[in-house]
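Working notes, structure below.
Number of protein chains: 2
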Amino acid sequence: MDPIGFETHPERYRHWRLQLDGNVARLVLDVQENAPFVPGYVLKLNSYDLGVDIELADAVQRLRFEQPQVGAVVVTSGKERVFSAGANIHMLSGSSHPFKVNFCKFTNETRLSIEDASAMSGQKYLAACNGTTAGGGYELALACDEIYLVDDGSSAVSLPEVPLLGVLPGTGGLTRVVDKRRVRRDRADVFATLAEGIRGKRAVDWGLVDAILPRSRFDAAVHERAVALAAGGGPRPASGIALTPLEVDRGRDTLRYRHVAVHIDRNSRQARVVVQGPRTAPPTDPEALRRLGADAWTLMVFRELDDALCHLRFNEEHCGLLRLETQGDSATVLAWDQALHAMRQDWFAREILLQAARTLRRLDLTARSLFAVAEPGSCFAGSLLELALAADRTYALDDEAVRFTPSSLNAGTFPMSHGSSRMLARWLHEPERVADILSGGPYTAVAAEAAGIVTVVADAIDWDDEVRVAFEERASMSPDALTGMEASLRYPGAETMASKVFGRLSAWQNWVFQRPNAVGERGALKLYGRPERPSFDWGRT
Amino acid sequence: MDPIGFETHPERYRHWRLQLDGNVARLVLDVQENAPFVPGYVLKLNSYDLGVDIELADAVQRLRFEQPQVGAVVVTSGKERVFSAGANIHMLSGSSHPFKVNFCKFTNETRLSIEDASAMSGQKYLAACNGTTAGGGYELALACDEIYLVDDGSSAVSLPEVPLLGVLPGTGGLTRVVDKRRVRRDRADVFATLAEGIRGKRAVDWGLVDAILPRSRFDAAVHERAVALAAGGGPRPASGIALTPLEVDRGRDTLRYRHVAVHIDRNSRQARVVVQGPRTAPPTDPEALRRLGADAWTLMVFRELDDALCHLRFNEEHCGLLRLETQGDSATVLAWDQALHAMRQDWFAREILLQAARTLRRLDLTARSLFAVAEPGSCFAGSLLELALAADRTYALDDEAVRFTPSSLNAGTFPMSHGSSRMLARWLHEPERVADILSGGPYTAVAAEAAGIVTVVADAIDWDDEVRVAFEERASMSPDALTGMEASLRYPGAETMASKVFGRLSAWQNWVFQRPNAVGERGALKLYGRPERPSFDWGRT
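Heads up: the protein sequence lines correspond to chains A and B, in order. Counting from 1, position 461 in the first sequence corresponds to residue 461 in the numbering used here; the numbering is continuous, with no gaps. All you need for the numbering used here is the position in the second sequence, starting with 1, plus 1000.
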């Protein structure tokens, strides 16, 4: 099978239409039911699969860069009487466990990117639920700022996963209902077990939707609200920057982008991910940055890394250990960081930094062991230092040519899912030292160990053995235990809604996805749509 | 098989010795290896099983009530050169999935009870690791305030679960290492994958232990520190209250305590849990309260409920839905609440309230659906109102005789695992209303619905059908999906270390406990101790 690709463009969308009208955009879901991502199921009732969600992720991303004048986005359906039936059940029940888990993670990241666009870029999202809004369809609406439901006596919002499928509403639904919409938890319990869902006044009273609107004035009222939201956000940039296609050379064991290369060794179940620093000096003002557009190093390198991570997750399931390397000149990385930091009031500079932040969160959430390796020629500085700070461990050769250098971007420009900076997450025991550490440097390998950046320092005599043994040992351990361990260690400190979506909800969903009551021959997910009733093992755990 | 019982007494301990010396206690783990809780494995190297942990939970509880003069507790081992090897692996690998999950949950609750004794009652715990401290042994040490490790050139602390067993250190280990001990997360990664563990100066430098001490002065130095800690906590009560055995009449389908009754209907997979309010007026001063001792209603009713919950978790695995009822006089419940609240500076009154808080947290953490039902004769008031607030739903008959009444104890005396009061967890959307609601009442069923206490109100005509259908529907759903859903909805808002132990860590552990890489015929947990190497499916999820 061809590898799964994550790049697309509105002109190639098969399931979404992106319509622009001044500073309001409409994202119209109109799924082609006979165009599933892989053959074997029909995408009825605006249900979605990975292909549909890749387009959505692309649209959300492009709206920020290419259409920054847009201040409000209406998400609606192009079908009569159905908004979306959620993730396609036959796709789910026919998928492997790893695919299901990675599919859910990707869709969760897409929904968080919608919330990020709203919070950080002022692009407000309205869900215009013009028909039945079920399961993942309602979870998509939950990711929007406001939810409007048509009041036609039949269209309801629902999370029917538990009663119908024996799985969870795992695309953030359970978490967002109580943590974001702040629906009372006893009502959330009723709602999440009611297959037919809730409509009308009760949906409003319980906070499941913001308003119900009659069909006769549904479109007009939603549009009016979108116009008001777009106007309320203050002045917006007049025009955007095109996200040109990534240039990538795909070999059997390699992916070569312009600034990122991935080398896969399937024998050892490892991949090297090599990130190149910039080769040219940064632009000196926003105008020059805009002229660079998608060629701006920070934008391109993190777009490439993002694409590479998605590739590794879906196409290289057995590749359990990523060796993160950097190559280039630290001073030039720092110059780019400094330039973007100085321009951060400019919308494009800010979008570039926000995109890097999302990519780094995707890295944190990647269920692979991450070992960063620093040798002469590396450039773990500023924005690229985050790769070392995201890693489970960092190995550094004790050599004069190896240096680690913080920049002003390490202090909080790239927050993790639970809101902490990666450096703070390493200094929970002495948070007052973080500012000092970030204002210091460049650090030698030994000094970087003390600064909380480097885990293991080895001299030239021991280096090869030290690194080889560490990688071999890691690659020999149970991949499941490592996934659970890494998910537990990467997020020290308090949790937020976003981190709970992955920590609490997804962990439980992954458990449920293993259980015979869902996926066994007589499980509810397997039997959905068939005349037989599921048969449960009633033991409660 | 006889049902598992949770009551014991120091005189009957087989694995622990409780030694008292003024205001310092020693809890000496000296596991009888040939006395496993169920036949089939040998408890070598001070490894533990449920029987060992039931004794520990009992000791921690009794120290608070019976030995309140104790200000410091030294947890150590009675074996040469081994502190504890952790949970017994052969016990784990031979256990069913539900038993493993419930065993881990109980041991987690016991470790949190140690932290609760330290934080709330000033009984400080010192782990005196006088030998090898591995896995669950180190996790027990992590629950203590301070950890001392013998410096003998060989004794190490370790979490070998991931490298040796393919499972997680799931008794809070991963969470406490980074969240409590605040070990840098890259070092935690190294530590949790190093089968042989870490000893000596490095263990101190990384924060894994507080100090290392030579064997020659280990006991003396630990004792000295314990004496200092006990003295530093200020004056303590001179003598305690005996926790007399619970009186319980066990039938095939019933458990009848003095204030709590459990009626099990295995056909419908439901149990009624009926909690009786007090029949007599409360004591009017601490002296009178002490004379009542273990007969004090609040103490006894929550001890009984705690015992009943443990019974249901372990002995009635198929009983997925608990119907929570109260019977009695609300005014008398409120009088008891008011009396304890007024006496809360008294150590015994405070311990009673803290014990009730722990029981209510155990209720929140019980993986069974909880529906409270209020009919005439019920007394959902104050401390018993928490049962309704802990429930996934509350059904109330619309009848003049049904009332819900808050007391001063609902405001924060019984925090959930993540620190929120149960009432606040229902009003995250309008937290400013909580104080008003709590100062109001008694509420009719309808008013209680508006106050966030009651989910469904029905009149006499609909009542029977409404309740019957709701219970039948709930009992028909996938028990796994319900467990995951309830765990997600019960804890809205930010998470803390304690809630992460159950939410993030345990959810991942339960997932790992299902995976063939751990529990399959060639899984690491199954093959431990045998000459064969485990064989892994390398797919990463």
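The beta carbon of each residue, even a glycine, is placed where N, CA and C say it ideally should be.
Give the straight-line distance between the Cα atoms of residue i and residue j, rounded to the nearest whole angstrom.
i	j	result
B:R1530	B:V1167	17 Å
A:L547	A:D186	With chain A covering only 1 through 541, there is no way to say anything about residue 547 of chain A.
B:G1078	B:A1271	42 Å
A:D265	B:G1135	33 Å
B:C1543	B:N1410	Absent from the model: residue 1543 of chain B. The displayed extent of chain B is 1001 to 1541, so no value can be given.
B:S1158	B:G1173	10 Å
B:W1297	A:D116	52 Å
B:R1184	B:A1498	19 Å
A:Y443	A:Q276	20 Å
B:W1336	B:P1282	5 Å
B:S1330	B:E1386	13 Å
A:R426	A:E66	36 Å
A:E521	B:F1371	31 Å
B:L1165	B:A1518	7 Å
B:F1414	B:V1333	16 Å
B:A1507	A:D21	45 Å
A:R540	A:T394	42 Å
B:I1114	B:M1120	10 Å
B:S1476	B:L1424	31 Å
A:R14	A:V52	8 Å
A:A390	A:A192	35 Å
A:L289	A:K500	36 Å
State buried or exposed for residue i, treating a residue as buried only when at least 16 other CB atoms are found within 10 Å of its CB.
i	result
B:E1011	exposed
A:K201	exposed
A:R433	exposed
A:A35	exposed
A:N542	The shown model of chain A, from 1 to 541, leaves out residue 542 of chain A, and the question about it has no answer.
B:G1542	The first residue shown for chain B is 1001 and the last is 1541, placing residue 1542 of chain B beyond what the model contains.
B:V1031	buried
A:K526	buried
B:E1486	buried
A:R225	buried
A:S96	exposed
B:I1054	buried
B:H1318	exposed
Could you name the residues that DSSP lists as bridge partners for residue i?
i	result
A:V28	A:R17, A:T76
B:E1495	A:E495
A:F404	A:F380, A:Y443
A:G606	The question about residue 606 of chain A has no answer, for chain A in this structure spans 1 to 541.
A:H263	A:T254, A:R272
A:D249	A:R256
A:Q327	A:Q276
A:L126	A:V74, A:E146
A:A396	A:A374, A:V457
B:L1213	B:V1150
A:I198	A:V157
The ligand MG and residue i: does any heavy atom of the ligand fall closer than 7 Å to the residue's C-beta?
i	result
A:E432	The model depicted lacks the ligand MG and carries no ligand whatsoever.
Say whether chain E places a C-beta atom closer than 8 Å to the C-beta of residue i.
i	result
A:E495	Here chain E cannot be found, since the structure's protein chains are A and B.
Checklist entry - Is it a yes or a no for the segment 449 to 463 of chain A touching the segment 1137 to 1156 of chain B, going by three-plus beta-carbon pairs under 8 Å? => result no
Checklist entry - For the 8 Å Cβ check, are there 3 or more pairs between the segment 1072 to 1092 of chain B and the segment 1123 to 1135 of chain B? => result yes
Checklist entry - Using Cβ-Cβ distances below 7 Å, what residues of the segment 163 to 176 of chain A are close to chain B? => result P163, G166, V167, L168, L174, T175
Checklist entry - Between the segment 1469 to 1484 of chain B and the segment 1398 to 1407 of chain B, do at least 3 Cβ pairs fall closer than 8 Å? => result no
Checklist entry - the segment 1497 to 1508 of chain B: which residues have C-beta closer than 7 Å to a C-beta of chain A, in chain order? => result K1500, G1503, R1504, L1505, A1507, W1508
Item to check | Segment contact, 8 Å Cβ cut-off, at least three pairs: the segment 1108 to 1126 of chain B with the segment 1049 to 1060 of chain B | outcome: yes
Checklist entry - Any contact of the segment 1300 to 1312 of chain B with the segment 1354 to 1370 of chain B, i.e. 3+ C-beta pairs under 8 Å? => result yes
Next on the checklist: Any C-beta of chain A within less than 8 Å: which residues of the segment 1462 to 1480 of chain B qualify?
Outcome noted: E1473, R1474, M1477, S1478, P1479, D1480
Checklist entry - the segment 1425 to 1455 of chain B: which residues have C-beta closer than 7 Å to a C-beta of chain A, in chain order? => result A1425, R1426, L1428, H1429, G1452, T1455
Next on the checklist: Would the segment 1044 to 1057 of chain B count as touching the segment 1080 to 1100 of chain B if we require 3 or more Cβ pairs under 8 Å?
Outcome noted: yes
Checklist entry - According to a CB-to-CB cut-off of less than 7 Å, which residues of the segment 1510 to 1524 of chain B neighbour chain A? => result N1510, W1511, V1512, Q1514, R1515, N1517, A1518, A1524
Next on the checklist: To be precise: take each residue of the segment 1178 to 1198 of chain B, compare its Cβ to all Cβ atoms of chain A, and keep it if any distance is under 7 Å. Which residues remain?
Outcome noted: V1178, D1179, R1182, R1184, R1185, D1186, R1187, A1188, D1189, V1190, A1192, T1193
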